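2 protein chains.
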Amino acid sequence: VEERKDDFIRETLEGVNPADITELLEEFDAEDSKYVLELLDPEVGSRVIIELEEDIQSHFLEHFTSEEIAVFLDHLDSDDGVHILNGLPISKREEVITLVENEEKAGYLLDLLRYEDDVAGGLMAKELIKANHNWTIQRCIDEIRKQAENVQKIYSVYVVDDNGILLGRVSLKRIILAEDNAKIADIYDEEVIAVETYVDEEEVVQTMQKYDLEALPVVNVRGKLVGRITIDDVLDVITEQAEEDIQMMSGISSDVEEDDTVWIISKARLPWLVIGLVGGLLGAKFISLFETEIAIVPAMAFFIPLITATGGNVGIQSSTLIVQGLANSSVFSNSIFRKLVKMLAVAIVNGVILAIIVFGIVIFSTSDQTIAITVSTALFSVVLLASFMGTITPLILNNLGVNPAIASGPFITTANDLLGLAVYFFVAHQLYGL
Amino acid sequence: VEERKDDFIRETLEGVNPADITELLEEFDAEDSKYVLELLDPEVGSRVIIELEEDIQSHFLEHFTSEEIAVFLDHLDSDDGVHILNGLPISKREEVITLVENEEKAGYLLDLLRYEDDVAGGLMAKELIKANHNWTIQRCIDEIRKQAENVQKIYSVYVVDDNGILLGRVSLKRIILAEDNAKIADIYDEEVIAVETYVDEEEVVQTMQKYDLEALPVVNVRGKLVGRITIDDVLDVITEQAEEDIQMMSGISSDVEEDDTVWIISKARLPWLVIGLVGGLLGAKFISLFETEIAIVPAMAFFIPLITATGGNVGIQSSTLIVQGLANSSVFSNSIFRKLVKMLAVAIVNGVILAIIVFGIVIFSTSDQTIAITVSTALFSVVLLASFMGTITPLILNNLGVNPAIASGPFITTANDLLGLAVYFFVAHQLYGL
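Chains as they are written, first to last, in our numbering: chain F, 135 to 568; chain W, 135 to 568.
In structure tokens form, the structure reads like this:
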């Protein structure tokens with residue numbers, strides 16, 4: 135298809151959803167993609183670009199001139215436009231904005247560039263339909279008609295007073311059902327949920343999820359309506375947050391992707407590896423205290439990985455459940471004391487079962503009673519202690535205002551390795567009487 | 135407030151959003167909650183119940199008679215109603231449905247109960263606005279008026295032919311802007327994305343996310359419009375899926391919550407613990423092959439936890455990045471070969487840094503050159519091998535059609551523990567020449 139058959143490509147792609155064209159382009163190289171994009175209507179082309187994955191997008195835009203990018207921005211909502219601008223080198227941003235034909239849009243973009251991209255102001259679009267509370271329905275419909283081209287999706291019309299202060303909202307359904315000469319003031323819903331521009335994106339997500347909103351108006355500190363956040367942007371935030379949590383649990387310290395450079399990926403992975411290393415060295419130091427014992431009973435060394443691995447697994451399981459409980463805030467329904475009791479019960483059940491299995495297998499294969507008792511006792515204690523650590527650490531971190539998810543990662547594994555070793559050698563020391 | 139001051143409570147809660155009342159109720163016991171709910175308008179009360187967390191909800195509904203539950207169902211969309219029914223004992227479900235006053239609603243509920251709750255049919259609501267393609271806009275608006283009470287949120291009107299086959303959609307915006315006597319057939323958009331009832335919920339989420347849809351029509355195998363899925367339901371699915379992935383990574387084998395019974399939690403945690411145990415026992419068996427060596431050089435045992443922990447950490451980091459890459463399908467843009475090369479580069483960078491740190495510390499603290507070389511060489515090799523395992527395992531699982539996220543959990547840790555031991559003792563064996 136890439137023999138530059140203009141008409142054929144144009145015909146084939148006509149009516150195809152931009153998201154599907156995007157998928158197609160991601161398999162082409164930059165030059166071919168650019169060629170295809172230029173055949174498309176800029177309206178469609180701009181939507182294709184916005185659907186591209188972030189890395190691919192910014193790589194891709196390097197092949198376009200500022201003029202060409204400005205044309206795309208002309209056809210995009212301001213929130214999507216700002217995403218594109220944020221992916222450009224700072225020097226290029228202003229140049230592109232001055233080239234945007236629609237002056238209102240250019241103003242929107244300049245406005246939005248001021249916000250950090252993880253707060254409400256950075257998520258919102260400036261395009262929305264607002265109606266003065268003194269208007270009639272007919273006037274409001276005229277306004278919708280006028281704005282229809284700029285605003286892609288209308289969920290509600292926001293009602294403001296003469297100073298632009300947000301008063302309430304009217305759903306489209308209500309507008310359709312109202313008489314043409316009814317006044318907005320008579321039909322609007324005063325209970326509108328809004329957020330201020332500086333609100334964190336996590337809170338935005340929670341608000342929209344809690345109240346099942348598909349659009350959330352954003353106001354400035356004086357209550358003036360300045361934008362709206364739509365549900366599709368929030369979906370992306372949710373997906374990103376879940377990814378970040380998982381990376382945190384895996385000991386990757388900053389948001390990296392497979393496509394990042396070797397050095398960025400290495401750097402993101404190194405901190406937790408070094409912490410694990412320090413833990414391992416402390417463990418080595420600790421075991422070295424038992425050097426003479428190991429020389430006499432080398433079998434003691436055999437079960438070191440068994441103990442540390444089980445401690446790590448149990449700790450991560452416990453902390454994950456607690457972290458998820460905290461996120462769902464069901465924590466308030468259970469007191470910390472009840473939590474700990476339950477955790478203890480689960481640990482005892484699992485600890486007893488694991489200890490019996492290990493005791494059976496060790497006695498069967500070595501017929502060394504002392505080592506079997508040592509290992510199974512230590513294992514049972516480690517399960518208990520690791521559960522306790524896994525439960526209490528995220529709770530403490532949460533109380534300190536630290537994201538408790540960090541505790542589900544290498545942190546808990548490293549701590550439990552050391553704890554496991556201590557328990558194991560303590561039990562061995564007692565039983566062997568060395 | 136719980137001195138049964140009816141009027142006061144009613145006044146206070148008037149106009150409060152149902153989601154906020156729900157939060158309040160979650161801190162009360164079942165009896166107090168029931169009392170408050172009965173004071174509320176059933177319209178509001180039903181929305182409060184649907185916002186309750188699943189466990190609390192079903193626990194809570196035990197205190198209501200079938201008649202009372204039926205009243206709530208009368209005020210809920212059919213998808214929310216089915217959620218409530220699914221939380222009831224099977225014996226009670228039919229009784230409640232026969233008590234639902236609105237016969238159309240009762241029919242909807244019976245219909246929806248047939249679907250599994252993880253497919254499109256189980257997510258959809260039957261309430262929607264459909265218009266025959268021959269209608270005029272005016273007729274369509276009349277229909278919206280008639281249905282307005284039943285359908286909470288209208289995003290689009292779906293256009294069907296005389297047999298109910300889905301033809302397209304018209305946005306509310308378009309209806310407002312059209313002339314009253316225009317025909318639906320002239321203004322509707324034929325490009326409507328729909329899913330069939332049996333489509334998996336994950337695919338539903340992907341479709342809605344990809345095309346930025348706030349509602350997705352559901353059709354049966356013959357193309358007949360049977361329901362629609364709204365974005366708020368999909369948000370819940372996304373959150374659930376993310377939780378499941380994290381639990382899978384933590385070695386919790388089925389979807390459990392903190393509130394589940396001790397036995398259910400223990401059972402969900404046991405399988406991976408046992409697998410870890412078997413890994414640990416194999417490790418013990420393996421180390422025992424070097425019993426004589428350890429008796430001579432006990433220092434060899436000191437660094438076992440260091441090696442296994444680093445192997446585990448590196449493996450999980452690698453597999454997480456690959457799993458997330460697979461989920462974002464950016465995998466297709468990079469060949470597997472390039473992936474492996476990059477992984478190798480990252481592993482070399484990290485491996486060299488870690489090996490140098492360890493060599494320095496060990497030589498400084500023990501001045502035993504042989505052990506320093508052994509440990510740092512083994513560490514470097516383990517980082518390389520664990521990266522390789524962490525990269526290749528999810529890719530293989532994915533090719534076999536298994537969810538690759540399972541590889542990020544205890545599986546990779548256990549495998550890498552064994553791998554690490556093998557490398558460590560192999561290197562030690564060579565260097566010590568034992």
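Glycine included, every Cβ here is placed at the ideal spot set by N, Cα and C. As the structure is a computational prediction, the values presented were derived from the model and not from experiment.
Tell me residue i's beta-bridge partners as DSSP assigns them.
i	result
residue 227/W	Answer is none; residue 227/W lacks a bridge partner.
residue 280/W	Paired residues: none, contrary to the question.
residue 259/W	362/W
residue 334/F	253/F
residue 270/W	317/W
residue 353/W	330/W, 359/W
residue 506/W	Looking at the DSSP assignment, residue 506/W forms no beta bridge with any residue, so it has no partner.
residue 323/F	303/F
residue 265/W	293/W
Mapping the DSSP letters down to three states, classify residue i as helix, strand or coil.
i	result
residue 294/F	strand
residue 315/F	coil
residue 214/W	helix
residue 551/W	helix
residue 304/F	strand
residue 168/F	helix
residue 287/F	coil
residue 538/F	helix
residue 401/F	helix
residue 198/W	coil
residue 386/W	coil
residue 465/W	With a pLDDT of 42 at residue 465/W, under the threshold of 50, the modelled position of that residue is not reliable, and the figure given next carries that caveat. Helix.
residue 559/W	helix
residue 484/F	helix
residue 176/F	helix
Are the Cβ atoms of residue i and residue j separated by less than 8 angstroms?
i	j	result
residue 184/W	residue 154/W	no
residue 306/W	residue 267/W	no
residue 508/W	residue 562/W	yes
residue 207/W	residue 218/W	yes
residue 446/W	residue 550/W	yes
residue 127/F	residue 363/F	The question about residue 127/F has no answer, for chain F in this structure spans 135 to 568.
residue 255/F	residue 352/F	yes
residue 169/F	residue 212/F	no
residue 231/F	residue 271/F	no
residue 311/F	residue 240/W	no
residue 366/W	residue 323/F	no
residue 204/W	residue 233/W	yes
residue 416/W	residue 552/W	yes
residue 269/F	residue 318/F	yes
residue 368/F	residue 253/F	no
residue 160/W	residue 186/W	yes
residue 303/W	residue 293/W	yes
residue 189/W	residue 220/W	no
residue 433/W	residue 370/W	no
residue 521/F	residue 481/F	yes
Which same chain residues end up closer than 8 angstroms to residue i when comparing Cβ atoms and leaving out the 5 residues on each side of it in sequence?
i	result
residue 172/W	179
residue 176/W	205, 206, 208, 209
Leaving out five residues before and five after residue i in sequence, what residues of the same chain have Cβ atoms less than 6 angstroms from its Cβ?
i	result
residue 514/W	485, 489
residue 316/F	271
residue 506/W	493, 496, 497
residue 299/F	357, 358
Does the Cβ of residue i lie closer than 7 angstroms to at least one heavy atom of the ligand ATP?
i	result
residue 294/W	Absence of the ligand ATP is noted for the structure shown, with no ligands found whatsoever.
Within the same chain, show all residues whose beta-carbon is closer than 7 angstroms to that of residue i, passing over the 5 residues directly before and after it, in chain order.
i	result
residue 557/F	512, 515, 516, 519
residue 492/W	509, 510, 513
residue 413/F	548, 551, 552
residue 390/W	398, 399, 402
residue 152/F	178, 181, 182, 185
residue 321/F	304, 308, 312
Assess contact between the segment 360-380 of chain W and the segment 366-377 of chain F, defined as three or more Cβ pairs (one per stretch) separated by less than 8 angstroms. Is contact present? yes
Any chance the segment 261-269 of chain W sits against the segment 286-294 of chain W, with 3 or more Cβ pairs inside 8 angstroms? yes
Cβ pair count under 8 angstroms reaching 3, the segment 520-531 of chain W against the segment 438-457 of chain W: yes
Do the segment 530-538 of chain W and the segment 438-446 of chain W make contact, defined as three or more Cβ pairs closer than 8 angstroms? no
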